[in-house]
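What follows is a set of notes on a single structure, which appears directly below.
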Amino acid sequence: MYKTGICGHWGIGHNLLNGQTIKTKAVAEELRRRLGEGELIIVDTYGGIKSVHRMLYQSWNMFRKCENIIMMPAHKGLIVFTPVFVFYNCFFHRRLIYIVIGGWLDSFLNRNRWLVGMLKRFSDIYVETSTMKKALELRGFQNVEVMPNFKSLPLIREEELALYHAAPYKICTFSRVVKEKGIEDAIKVVKKVNMDRKKTVFKLDIYGPVDAEYKERFEKLCRDFPEYIRYRGAVAPEESVAVLKAYFALIFPTQYYTEGIPGTIIDAYAAGTPVIASQWESFSDVIEPGLTGIGYEFKNVMDLERVLIHIALYPEVIVAMKKNCLNKAKKFLPETAVRMMVDKMMKHNAGGGIAHKIKGLTILSFAQPAPTLQVLVAAVDQKDAALPRTLNLQSDAIIGNQCDRNSIEVMDYNGHEIIYLNFKERGVGLNRNNAFMRASADIVLFADDDMRYVAHYPDIVRKAFAAYPDADVILFNLIEAVPRRFITKKAFRVRWYNVLRFGAARIAAKAEVLRRRGLCFNLCFGGGAEYSQGEDSLFLTECLKKGLVIYAVPVFIAELTEERDSTWFRGYTEKFFFDHGALYGVMAPKLYPLLCLQDAVRKRNVYQRKPLKSFRMMMRGAGKIVRR
Numbered sequence: 000m001y002k003t004g005i006c007g008h009w010g011i012g013h014n015l016l017n018g019q020t021i022k023t024k025a026v027a028e029e030l031r032r033r034l035g036e037g038e039l040i041i042v043d044t045y046g047g048i049k050s051v052h053r054m055l056y057q058s059w060n061m062f063r064k065c066e067n068i069i070m071m072p073a074h075k076g077l078i079v080f081t082p083v084f085v086f087y088n089c090f091f092h093r094r095l096i097y098i099v100i101g102g103w104l105d106s107f108l109n110r111n112r113w114l115v116g117m118l119k120r121f122s123d124i125y126v127e128t129s130t131m132k133k134a135l136e137l138r139g140f141q142n143v144e145v146m147p148n149f150k151s152l153p154l155i156r157e158e159e160l161a162l163y164h165a166a167p168y169k170i171c172t173f174s175r176v177v178k179e180k181g182i183e184d185a186i187k188v189v190k191k192v193n194m195d196r197k198k199t200v201f202k203l204d205i206y207g208p209v210d211a212e213y214k215e216r217f218e219k220l221c222r223d224f225p226e227y228i229r230y231r232g233a234v235a236p237e238e239s240v241a242v243l244k245a246y247f248a249l250i251f252p253t254q255y256y257t258e259g260i261p262g263t264i265i266d267a268y269a270a271g272t273p274v275i276a277s278q279w280e281s282f283s284d285v286i287e288p289g290l291t292g293i294g295y296e297f298k299n300v301m302d303l304e305r306v307l308i309h310i311a312l313y314p315e316v317i318v319a320m321k322k323n324c325l326n327k328a329k330k331f332l333p334e335t336a337v338r339m340m341v342d343k344m345m346k347h348n349a350g351g352g353i354a355h356k357i358k359g360l361t362i363l364s365f366a367q368p369a370p371t372l373q374v375l376v377a378a379v380d381q382k383d384a385a386l387p388r389t390l391n392l393q394s395d396a397i398i399g400n401q402c403d404r405n406s407i408e409v410m411d412y413n414g415h416e417i418i419y420l421n422f423k424e425r426g427v428g429l430n431r432n433n434a435f436m437r438a439s440a441d442i443v444l445f446a447d448d449d450m451r452y453v454a455h456y457p458d459i460v461r462k463a464f465a466a467y468p469d470a471d472v473i474l475f476n477l478i479e480a481v482p483r484r485f486i487t488k489k490a491f492r493v494r495w496y497n498v499l500r501f502g503a504a505r506i507a508a509k510a511e512v513l514r515r516r517g518l519c520f521n522l523c524f525g526g527g528a529e530y531s532q533g534e535d536s537l538f539l540t541e542c543l544k545k546g547l548v549i550y551a552v553p554v555f556i557a558e559l560t561e562e563r564d565s566t567w568f569r570g571y572t573e574k575f576f577f578d579h580g581a582l583y584g585v586m587a588p589k590l591y592p593l594l595c596l597q598d599a600v601r602k603r604n605v606y607q608r609k610p611l612k613s614f615r616m617m618m619r620g621a622g623k624i625v626r627r
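With numbering that gives the first Met the number 0, letter number 310 in the sequence shown gets 309, and the count goes up by one each step, no holes.
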């Protein structure tokens, strides 16, 4: 059974940039990262009334297959899906979750009071602001939590902050282009300030998709724009920070009083750009006046003019806020915002500690203190302390960072001890051994710097060892955008004939067992060493030779981000085959010819070489190392 189903506005096949679609996709992306690929199914509400039959059928299937049901509708969708989902749940008894997009729900319930009783039957309702939570609690809701809007954005570094600005000051709007977003207010005020001072004090750039109903009106406005006002088109979500970081300030003159937490303000914070905004209902949930932005009276154009005149006279007021914006942005990162919801889902699915299933693997709760766990990361040239967040670490870790300096640094990340071993050396085997010899936990996970762990991986690992108490080593699955590695679909005991399927990033092991048997990684093999591959295969082979029990389980533990090129693979070159043969020579000094031959024949289509040629090159490498 899938863990979670999401019913929301995806617009599959369409490049939609509205807030509802962006947030729906962002929630799904973060859940995939935390729960694992394949743990999610979706129902797309795009198409409206014409697609209602499809949506109802797909929703029924979603209830059949999923433990948690999340809905993220807008106004009309709430009227349709709330009664349908409550009815379906009479048969399936799932955990119903409603994630509210925007701040309109309370006022909407004034006109649709019949929905109140149904929504109270949901397990959880997540709203964007504390203002909205209080309003719903006054209606008697006891299932409301705050989940601030969030975006998966790269925060710029402090040294990238644009700290020098001079007139004319570049400001922008960055939202849907529609009158209700205050676009005309921004245009009017910038024109007035510049005309009154008879010079260009501000340049205004307008970004965002133009609403179809507003297109004709906006095109007429564009024809009358002075040279200091421009429409710059829509920007792809992944490019927002790069665009906004150059601006003096973002203008957010919304006329929607029930705005939630606008995604555009999160974009601005990630870019270190302060915000000048009208004081809508939830303004104080998002903007800290004087620290991350400046507010003006809702819909009061004269007050907006006053603010612009003030910051033109005292630009240092805005510049001083830029660092604060970066700090504020961390509150709106996916891992921060979604954590509470995922924790509650996992706790519910675990049945309060009773045995449950993770992708076909029966898991039992611990009756005694859980074993400690440490991640041992082999990293290269890490310049800052961002890796724990990139890896989604939820446990202690040791990061072996092979770089241009020698130092040991200790930091705290979300209550976990992270040790950086910065050594001026090369060789992945050496790197992993450096981390392992300093490990202090009961269970160690070997990791690389281009992966991201799923949510609650410490519990997943501990429970896997509880399910297989005789296991010394457990090998997990890895998520890939394009699967290339072997995927375990049913748990099995690993033997010498199938051990070559697994890499180091899959390995979790009992540290004390490894130490007692004197196991470590071969320093001659792996990226940065004499022979560029195979340190993980040799390690697992040695584990089998020393009598360790190894299981492979059908559980995904991390996602490969594939953000960097391989540190050793440069194609099927002569060097590749030479090193591959050397690996077989060390693994089986008497049987290496058979291993080289089967490899050359079995993978001839992959190598795109005649088997005999591949075999000869491997034999040269194997022969050299065996003679040595």
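Beta carbons: idealized from backbone N, C-alpha and C, even for Gly.
Keep in mind that this is a model prediction, so the values were computed, not measured.
Alpha carbon to alpha carbon, what distance is there between residue j and residue i?
i, j, result
"Asn643", "Leu513", "As shown, the chain starts at 0 and ends at 627. That puts residue 643 outside it, with no answer to give."
"Tyr213", "Met54", "30 angstroms"
"Glu218", "Gly570", "53 angstroms"
"Glu558", "Val285", "32 angstroms"
"Ser122", "Asp342", "14 angstroms"
"Thr560", "Asn430", "21 angstroms"
"Ile407", "Asn432", "15 angstroms"
"Met410", "Ala438", "16 angstroms"
"Asp471", "Pro288", "56 angstroms"
"Thr540", "Val498", "7 angstroms"
"Gly502", "Asp535", "6 angstroms"
"Arg110", "Trp103", "11 angstroms"
"Pro588", "Val625", "6 angstroms"
"Phe107", "Lys327", "30 angstroms"
"Tyr255", "Lys180", "7 angstroms"
"Ile65", "Val145", "According to the sequence shown, residue 65 is Cys rather than Ile. Their Cα atoms are separated by approximately 24 angstroms."
"Asp199", "Val242", "Reading the sequence as shown, one finds Thr at residue 199 and not Asp. When rounded, the distance between both Cα atoms is 22 angstroms."
"Leu220", "Lys197", "21 angstroms"
"Tyr163", "Ala311", "13 angstroms"
"Gly622", "Leu518", "25 angstroms"
"Asn616", "Leu594", "Before going on, a small fix: residue 616 reads as Met here, not Asn. Between Met616 and Leu594, the C-alpha separation is close to 13 angstroms."
"Lys382", "Asn421", "10 angstroms"
"Gly359", "Gly525", "Because Gly359 sits at a pLDDT of 40, beneath the cut-off of 50, its placement in the model cannot be relied upon, and the following sentence gives the value as read from the coordinates. Answer to the nearest angstrom: the Cα atoms are 33 angstroms apart."
"Phe62", "Val374", "36 angstroms"
Would you mind reading off the limits of the beta strand (DSSP E) that contains residue i?
i, result
"Ile399", "Inspection of the sequence shows that residue 399 is occupied by Gly rather than by Ile. Element bounds for Gly399: 395-401."
"Leu95", "94-98"
"Cys542", "Where Cys542 is concerned, there is no enclosing beta strand (DSSP E), although the alpha helix (DSSP H) it sits in stretches over 534-544."
"Leu559", "549-559"
"Lys49", "That residue, Lys49, is in no beta strand (DSSP E); it is neither H nor E in DSSP."
"Phe524", "Element bounds for Phe524: n/a, residue is neither H nor E."
"Cys519", "Run containing Cys519: none; DSSP gives neither H nor E here."
"Gly37", "That residue, Gly37, is in no beta strand (DSSP E); it is neither H nor E in DSSP."
"Met618", "It is not in any beta strand (DSSP E) - Met618 instead sits in the alpha helix (DSSP H) that spans 610-626."
"Val274", "274-277"
"Ala241", "No beta strand (DSSP E) holds Ala241; the alpha helix (DSSP H) holding it covers 239-243."
"Lys509", "506-509"
Tell me, which residues are paired with residue i by DSSP?
i, result
"Ile264", "Per DSSP, none; premise fails for Ile264."
"Ile418", "Ile397, Val409"
"Asp123", "Ile96"
"Phe224", "According to DSSP, Phe224 bridges with nothing at all."
"Ser252", "The sequence shown places Pro at residue 252, rather than the Ser named in the question. Pro252 pairs with nothing; no bridge assigned."
"Phe201", "Tyr168"
"Lys75", "Partner(s): none; Lys75 has no beta bridge."
"Val209", "Val176"
"Ile41", "Ile5"
Kindly indicate the opening and closing residues of the alpha helix (DSSP H) around residue i.
i, result
"Gln373", "Gln373 -> not in any alpha helix (DSSP H); beta strand (DSSP E) instead, spanning 372-379."
"Ile308", "300-312"
"Ser106", "104-110"
"Tyr591", "591-601"
Exercise. Along the chain, which unbroken stretches of the beta strand (DSSP E) at least 3 residues long are found entirely within the segment 141-195?
Worked result: Correct list: 143-145, 168-173.
For this session: Spell out a yes or no on whether the segment 270-283 and the segment 144-161 are touching, meaning 3 or more CB-CB pairs, one atom from each, closer than 8 angstroms.
Result: Verdict: yes, contact present.
For this session: Check whether the segment 483-502 touches the segment 545-555, counting contact only when three or more Cβ pairs, one atom from each stretch, lie closer than 8 angstroms.
Result: Taking 8 angstroms as the limit for Cβ pairs, the verdict is that the segment 545-555 does touch the segment 483-502.
For this session: Determine contact between the segment 190-205 and the segment 218-235, defined as no fewer than three beta-carbon pairs at a distance below 8 angstroms.
Result: Contact between the segment 190-205 and the segment 218-235 is present, because at least three Cβ pairs lie under 8 angstroms.
Problem set entry | Contact between the segment 2-10 and the segment 30-44 (3+ Cβ pairs under 8 angstroms) | A contact exists between the segment 2-10 and the segment 30-44.
Exercise. Whole alpha helix (DSSP H) runs in the segment 413-501 with 4 or more residues, listed along the chain?
Worked result: 427-435, 456-466, all fully within the segment 413-501.
For this session: Could you tell me whether the segment 243-254 touches the segment 156-172, where touching means 3 or more Cβ pairs closer than 8 angstroms?
Result: Taking a cut-off of 8 angstroms for Cβ pairs, the segment 243-254 and the segment 156-172 touch, as three or more such pairs fall below it.
Exercise. Is the segment 79-91 touching the segment 132-145, taking contact as three or more C-beta pairs under 8 angstroms?
Worked result: Contact between the segment 79-91 and the segment 132-145 is absent, because fewer than three Cβ pairs lie under 8 angstroms.
For this session: For the segment 124-133 and the segment 308-325, state whether three or more C-beta atom pairs, one from each stretch, are separated by less than 8 angstroms.
Result: No, because fewer than three Cβ pairs between the segment 124-133 and the segment 308-325 fall closer than 8 angstroms, the two stretches do not touch.
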